[in-house]
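Report on one structure; see the data block that follows.
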Amino acid sequence: MDPYEDGKRKYLSPLDKPQAEPPKPVEALVEIPTVAIEEDHVSDGPLIPVTSLLEHLSDLRKQIIKGLTVFILFFIVVFSTINIWFPFITRGHSLVILGPLEVVKFYMTISTTLAFGLAMPFLVHFLWSFIKPGLKEEESRFLGLYAPIMLVLFLVGVAFGYFVVNPLSYTFLVSIGATNFDVMVSANEYMHFLIMTTVPLGLLFELPIVALFLSAIGVLTAESMKKIRGWSYIAMGVGSAVITPPDFISQLLVLIPMIILYEISIYLVKRIERKQIESTA
12 MDPYEDGKRK YLSPLDKPQA EPPKPVEALV EIPTVAIEED HVSDGPLIPV TSLLEHLSDL
72 RKQIIKGLTV FILFFIVVFS TINIWFPFIT RGHSLVILGP LEVVKFYMTI STTLAFGLAM
132 PFLVHFLWSF IKPGLKEEES RFLGLYAPIM LVLFLVGVAF GYFVVNPLSY TFLVSIGATN
192 FDVMVSANEY MHFLIMTTVP LGLLFELPIV ALFLSAIGVL TAESMKKIRG WSYIAMGVGS
252 AVITPPDFIS QLLVLIPMII LYEISIYLVK RIERKQIEST A
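Under my numbering, think of the first position of the sequence shown as 12, with each following residue one higher.
Below, the structure is given as structure tokens:
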């Protein structure tokens with residue numbers, strides 16, 4: 012067969028057919044509007060919280076540096092005067108050292124504890140300076156009023172443990188052991204015993220402030236504290252047994268102040284509730 016018969020080309024196979032015109036791209040068919048972004052439209056809004064966060068972090072860094080500086084200064088003073096105040100800590104008790112490095116560990120630990128206790132008022136002040144701008148007026152007034160009281164109660168609790176609980180419980184325990192054994196108390200054991208009979212009492216003496224705070228946020232009322240008084244006494248008995256040395260004298264010396272503080276907390280919460288009722292009447 013002649014493909015050029017009649018002056019027209021005849022296609023013998025599909026491959027000889029002319030290819031169809033490729034489709035136009037979508038962009039050519041649909042005109043996409045362009046929006047010119049002007050520099051004036053760029054908002055600085057996201058930069059505001061970032062800047063505020065950076066300012067808070069910078070302020071926190073300053074307060075941490077201040078706190079560490081005060082703590083280090085107190086540590087240097089305490090450690091350099093250790094021969095002056097050490098007899099007040101040991102109360103004349105004979106202590107033994109069980110190794111050459113134990114004396115260094117003892118001095119470092121007791122100096123760190125005392126330095127932290129002395130620096131606590133300054134640390135509380137630095138913490139207050141950091142959180143005060145972010146508090147509401149009522150929260151700021153509450154903490155500003157009760158923060159000094161919290162510090163005083165903590166110091167009173169530590170003093171009660173040092174002057175009352177520690178000597179009585181230590182003498183009682185040593186006298187029991189001395190009936191059948193030669194009692195030798197290591198420096199580390201004595202330090203641990205001293206901390207256990209002072210610092211927890213400082214925290215327990217914060218109970219009235221904790222009760223007032225829970226009452227302020229509506230979690231606790233005087234009536235609810237009265238209803239759970241029995242269970243609270245049991246819980247305080249268990250708590251005193253946990254945080255004190257395992258002798259009845261220490262537990263009793265801690266339990267009695269806890270019960271008194273609980274009753275004081277009920278009285279304070281009830282008084283605050285009465286004032287709130289009178290102010291709304």
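Ideal Cβ placement from N, Cα and C applies to all residues, glycine included.
As the structure is a computational prediction, the values presented were derived from the model and not from experiment.
Residue environment, residue i, which counts as buried when at least 16 other CB atoms sit within 10 Å
| i | result |
| --- | --- |
| residue 262 | buried |
| residue 271 | exposed |
| residue 177 | buried |
| residue 64 | exposed |
| residue 190 | exposed |
| residue 121 | buried |
| residue 265 | buried |
| residue 168 | buried |
| residue 291 | exposed |
| residue 142 | exposed |
| residue 88 | exposed |
| residue 103 | exposed |
| residue 145 | exposed |
| residue 110 | exposed |
| residue 112 | exposed |
| residue 119 | exposed |
Residues sharing a beta bridge with residue i, DSSP
| i | result |
| --- | --- |
| residue 107 | 197 |
Alpha carbon of residue i to alpha carbon of residue j, nearest angstrom
| i | j | result |
| --- | --- | --- |
| residue 93 | residue 86 | 10 Å |
| residue 224 | residue 107 | 45 Å |
| residue 84 | residue 192 | 43 Å |
| residue 286 | residue 152 | 17 Å |
| residue 281 | residue 273 | 12 Å |
| residue 78 | residue 123 | 14 Å |
| residue 229 | residue 235 | 11 Å |
| residue 127 | residue 82 | 6 Å |
| residue 67 | residue 140 | 12 Å |
| residue 215 | residue 171 | 11 Å |
| residue 218 | residue 136 | 21 Å |
| residue 239 | residue 197 | 42 Å |
Where the alpha helix (DSSP H) through residue i begins and ends
| i | result |
| --- | --- |
| residue 285 | 259-291 |
| residue 190 | First-last for residue 190: undefined, no H or E at that position. |
| residue 123 | 113-142 |
| residue 249 | 240-254 |
| residue 92 | Unbroken run through residue 92: none, as it is neither H nor E. |
| residue 176 | From DSSP, residue 176 is part of no alpha helix (DSSP H); its letter is neither H nor E. |
| residue 220 | 218-227 |
| residue 145 | Premise fails: residue 145 is in no alpha helix (DSSP H) and is neither H nor E. |
| residue 172 | Where residue 172 is concerned, there is no enclosing alpha helix (DSSP H), given that its DSSP letter is neither H nor E. |
Coil, strand or helix - residue i by DSSP
| i | result |
| --- | --- |
| residue 80 | helix |
| residue 234 | helix |
| residue 159 | helix |
| residue 102 | coil |
| residue 73 | helix |
| residue 182 | helix |
Residue-chain proximity (residue i, chain C), Cβ-Cβ < 8 Å
| i | result |
| --- | --- |
| residue 247 | Here there is only one protein chain, and chain C is not present. |
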